[in-house]
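Below: the structure, in structure tokens.
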Amino acid sequence: MENHFEIGIENLRQKLLVMASHTEKAVNDAVQALTQRDHDLALRVKEEDDVIDKCEVEIDDLAILLLTKAPLATNLRLVTVAMKISQDLERIGDEASKIAKRARDLTQEPPVKLTLDLTRMARLALEMLKTALDAFVNRDPAAARLIIPRDKEVDAMNKQIHNALVQHMVDNPDTISRCLHWIVAAKSLERIADHATNIAEDVVYLCEAQDIRHTGIKNSAASNP
Amino acid sequence: MAETLIPKIVPQKTPAATAKVGSPLIEIEAISLHYGASRALKDISLNLEEKVVTAFIGPSGCGKSTLLRCLNRMNDLIDNVRIDGAIKIGGHNIYASDVDVIELRKRVGMVFQKSNPFPKSIYENVAYGLRLHGMKVKADLDLRIEECLRASALWDEVKDRLHSSALGLSGGQQQRLCIARAIAIKPEVILMDEPASALDPIATARIEDLILDLKKEFTIVIVTHNMQQAARISDQTAFFYIGELVEFGATSKIFTNPAQKRTEDYVSGRFG
Chain S
276 MENHFEIGIE NLRQKLLVMA SHTEKAVNDA VQALTQRDHD LALRVKEEDD
326 VIDKCEVEID DLAILLLTKA PLATNLRLVT VAMKISQDLE RIGDEASKIA
376 KRARDLTQEP PVKLTLDLTR MARLALEMLK TALDAFVNRD PAAARLIIPR
426 DKEVDAMNKQ IHNALVQHMV DNPDTISRCL HWIVAAKSLE RIADHATNIA
476 EDVVYLCEAQ DIRHTGIKNS AASNP
Chain F
8 MAETLIPKIV PQKTPAATAK VGSPLIEIEA ISLHYGASRA LKDISLNLEE
58 KVVTAFIGPS GCGKSTLLRC LNRMNDLIDN VRIDGAIKIG GHNIYASDVD
108 VIELRKRVGM VFQKSNPFPK SIYENVAYGL RLHGMKVKAD LDLRIEECLR
158 ASALWDEVKD RLHSSALGLS GGQQQRLCIA RAIAIKPEVI LMDEPASALD
208 PIATARIEDL ILDLKKEFTI VIVTHNMQQA ARISDQTAFF YIGELVEFGA
258 TSKIFTNPAQ KRTEDYVSGR FG
């Protein structure tokens with residue numbers, strides 16, 4: 276005899292994983308398009324974003340249907356967390372689109388002669404996203420907790436890049452429009468790291484039923500007796 | 008003067024509430040039912056699709072069990088009942104004068120709220136209806152009984168004690184045995200009147216999964232007070248209130264965006 280409710284829950288989980296894989300690809304492609312000045316790749320990110328948007332709607336529909344069936348305990352947390360994670364993934368897709376749009380515009384102009392550590396920032400944001408998603412797949416709250424403090428590193432990098440670009444614009448007013456593209460792209464990476472942090476917090480809630488948002492206890496393990 | 012026990016069929020009226028979906032197996036046409044002077048069902052029309060689970064929901068006294076019992080003429084057994092309208096199953100009016108009620112109940116089986124196995128062995132509970140319908144060869148009986156017990160997800164639990172008393176089974180097992188007994192004679196429709204309301208959550212979950220498995224073969228109509236259960240197992244839901252059909256539609260719609268305020272209030276727990 277099949278457990279039909281568990282099949283529904285597994286279906287929801289699978290849909291979320293599909294959405295996550297599209298989101299990761301969108302961010303990877305956007306960053307690659309930006310750093311390698313790849314115009315065609317930048318255009319393809321928009322297609323990926325459309326798929327991500329559809330995934331969000333499908334996940335919400337399925338989650339609402341499952342909620343009418345009164346899931347409890349872990350299943351209840353999974354359904355609510357799935358809705359939140361899908362929203363974060365959709366926003367990440369939007370940020371990837373923004374980066375791709377700036378990448379596309381930047382390919383139409385000469386490069387800015389400034390050394391930016393944007394690649395390292397992108398690598399860290401992507402690593403946070405991947406780890407958060409892996410933590411979801413593996414139900415690993417410890418791994419999720421480890422990435423949360425790294426958001427501050429990304430924030431610091433963004434600030435550093437922002438300041439460098441502002442100074443560059445002051446010194447080279449002819450590069451203002453190009454530098455603004457880079458500022459927006461860096462800000463999008465910073466937002467992607469924020470969403471990855473949200474996902475990590477959701478994974479902790481899913482696994483431990485503990486809401487660690489805004490509590491200052493993000494690194495402590497669940498304190499069940 | 009005593010009322011006749013045989014329901015009277017009167018010409019069909021224009022239905023007050025109509026709900027139609029594709030390829031119906033059961034067509035309920037302007038059914039009204041009176042218990043003496045009291046009208047328990049008011050002009051109800053709806054079509055139930057084949058191999059679909061339809062849930063009847065509504066507060067106590069709304070008529071949902073009464074309508075369910077109309078589908079295999081169980082109300083014939085009650086004094087002072089008068090039924091107007093028609094119910095067609097496979098296009099034939101089950102209230103037509105030439106209908107063999109025994110044959111009808113073979114086509115439309117029923118499972119009750121309280122499990123009611125015969126005080127016989129597990130094997131004999133399922134064999135009883137089969138023998139009654141002419142199956143005499145032991146090998147045939149053995150095969151069919153195993154099929155039914157497997158289909159009702161009971162086989163693994165009872166295969167080593169088929170000749171033990173059915174009364175020794177747990178409540179959930181007894182209810183699954185009653186389902187096995189109901190499906191043994193291959194009905195087209197299974198009616199279930201709160202089949203899990205007396206069971207614990209584990210046994211309830213098993214019955215719900217069983218219902219979802221059975222709908223591959225059977226058309227199922229279930230009365231339930233548990234709205235989450237209706238949401239979990241049914242494809243279509245009909246909401247009744249004081250003998251009226253208020254709303255009928257896809258279960259997902261009824262529980263997320265009902266069209267009628269009375270449905271919204273009921274599923275939200277504001278009354279009932």
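Line order of the protein sequences matches chains S and F.
In terms of the working numbering, the first sequence opens at residue 276 and continues consecutively.
In terms of the working numbering, the second sequence opens at residue 8 and continues consecutively.
For each residue, glycine too, the CB sits at the ideal point set by N, CA and C.
**Report entry** Outcome for F:Ile209 when other beta-carbon atoms lying within 10 angstroms are tallied against a minimum of 16
**Finding:** exposed
**Report entry** Which of helix, strand or coil DSSP assigns to S:Val441
**Finding:** helix
Query raised in the report: S:Asn278 versus chain F: which residues are under 7 Å apart at the beta carbon?
Result: Asp216
Query raised in the report: Can you find a CB in chain S that lies within less than 9 Å of the CB of F:Ser259?
Result: yes
Query raised in the report: If we cut at 9 Å on Cβ distances, does S:Ala338 have a partner in chain F?
Result: no
Query - Contact with chain S by F:Thr270, beta-carbon distance below 9 Å - result: no
Query raised in the report: Just checking my contact of S:Arg377 with S:Val459 at CB under 8 Å: how many whole Å lie between their CB atoms?
Result: 5 Å
Query - Distance between S:Leu401 and S:Thr382 (C-alpha atoms, nearest Å) - result: 23 Å
Query - Distance, F:Glu271 Cα to F:Ala238 Cα - result: 14 Å
Query raised in the report: Among the residues of its own chain, which have a CB less than 7 Å from the CB of S:Ala461, if the five just before and after it don't count?
Result: Leu393, Met396, Asn433, Ile436, His437
Query raised in the report: Going by other Cβ atoms of all chains shown within 10 Å of its Cβ, with 16 needed for buried, is F:Lys71 buried or exposed?
Result: buried
Report task. Kindly list the residues whose CB is nearer than 7 Å to the CB of F:Gln267, restricted to its own chain and excluding five residues on each side of it in sequence; keep chain order. Result -> Val253, Glu254
Query raised in the report: Taking F:Asp50 as the reference, which of F:Ala146, F:Glu251, F:Ala134 has the closest Cα?
Result: F:Glu251
Query raised in the report: Hey, quick one: how far does the alpha helix (DSSP H) through S:Ile423 stretch, first residue to last?
Result: Run containing S:Ile423: none; DSSP gives neither H nor E here.
Query raised in the report: Can you name the start and end residues of the beta strand (DSSP E) that F:His41 belongs to?
Result: 31-42
Requested in this report: Could you spell out where the beta strand (DSSP E) holding F:Asp50 opens and where it closes?
Outcome: 45-56
**Report entry** F:Val28 (DSSP reduced to helix, strand or coil)
**Finding:** Confidence at F:Val28 is low in this model, with a pLDDT of 45, below 50, so the placement of that residue is unreliable and no value is reported for it.
Query - Those runs of the beta strand (DSSP E) which lie wholly inside the segment 151-226 of chain F and span at least 3 residues - result: 196-200
Query - First through last residue of the alpha helix (DSSP H) which encompasses S:Gly283 - result: 279-310
Requested in this report: Check whether the Cβ of S:Ala497 lies closer than 9 Å to any Cβ atom in chain F.
Outcome: Model confidence at S:Ala497 stands at a pLDDT of 45, short of 50, so the residue's coordinates are unreliable; what they give is reported in the following sentence. Chain F contact via Cβ: absent.
Report task. Assuming F:Ala62 and F:Thr226 form a contact by the criterion Cβ under 8 Å, report the distance between their Cβ atoms to the nearest whole angstrom. Result -> 13 Å between Cβ atoms; not a contact.
Requested in this report: Jot down the residue ranges of each uninterrupted beta strand (DSSP E) in the segment 300-379 of chain S, minimum 3 residues, whole runs only, in chain order.
Outcome: none
Query raised in the report: Rounded to a whole number of angstroms, what is the C-alpha to C-alpha distance between F:Val108 and F:His41?
Result: 20 Å
Query raised in the report: Between F:Phe262 and chain S, is there a C-beta pair that is closer than 9 Å?
Result: yes
Query raised in the report: Are the C-beta of F:Leu219 and some C-beta of chain S separated by less than 9 Å?
Result: yes
Report task. Output the distance between the C-alpha atoms of S:Ile334 and S:Met358, rounded to the nearest integer angstrom. Result -> 7 Å
Report task. Could you have a look at F:Asn100 and say whether DSSP puts it in helix, strand or coil? Result -> strand
Report task. Use the C-beta contact count for F:Ile85: other C-beta atoms within 10 angstroms, 16 or more gives buried, fewer gives exposed. Result -> exposed
Query raised in the report: Closer than 9 Å, Cβ to any Cβ of chain F: which residues of the segment 347-378 of chain S, in chain order?
Result: none
Query raised in the report: Roughly how many whole angstroms lie between the Cα atoms of F:Leu48 and F:Arg76?
Result: 12 Å
Query raised in the report: CB F:Ser204 to CB F:Thr231, shorter than 9 Å?
Result: yes
Requested in this report: Kindly identify the DSSP beta-bridge partner or partners of F:Gln243.
Outcome: F:Thr61, F:Ala257
Requested in this report: With distances taken Cα to Cα, identify the nearest neighbour of S:Lys290 among S:Leu455, S:Ile327, S:His470, S:His443.
Outcome: S:Ile327
Query - Which of helix, strand or coil DSSP assigns to F:Lys113 - result: helix
Query raised in the report: Secondary structure at F:Ala93, three-state DSSP: helix, strand or coil?
Result: strand
**Report entry** S:Gln362 versus S:Leu481, S:His470, S:Asp486, residue with shortest Cα-Cα distance
**Finding:** S:His470
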